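The structure appears right after this line, and notes come after that.
In my numbering, the protein residues as written are 660 to 706.
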């Protein structure tokens, strides 16, 4: 069985989740000046 309501909710929430992840990642990168942390953060987002 398909759940159109749930799919609609997910579609509405997806941009919010992406925005929150982007802000958290940006803050993480700004907080830590080490290149290793920046690289690991980029790898984590790439997965």
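Virtual Cβ for every residue (Gly too), placed ideally from N, Cα, C. Here the structure is a predicted model, which means the values were calculated and not measured.
Taking only the alpha-carbon atoms, compute the straight-line gap between residue i and residue j and give it to the nearest angstrom.
{"i": "residue 685", "j": "residue 679", "result": "10 Å"}
{"i": "residue 661", "j": "residue 668", "result": "13 Å"}
{"i": "residue 664", "j": "residue 683", "result": "28 Å"}
{"i": "residue 687", "j": "residue 666", "result": "31 Å"}
{"i": "residue 708", "j": "residue 681", "result": "The requested residue 708 does not occur in the structure, where the chain is confined to residues 660 to 706."}
Does DSSP put residue i in a helix, in a strand, or in coil?
{"i": "residue 661", "result": "coil"}
Within the same chain, show all residues whose beta-carbon is closer than 7 Å to that of residue i, passing over the 5 residues directly before and after it, in chain order.
{"i": "residue 677", "result": "none"}
{"i": "residue 706", "result": "Residue placement at residue 706 is flagged as unreliable, the pLDDT there being 44, under the threshold of 50; a coordinate-derived value is accordingly withheld."}
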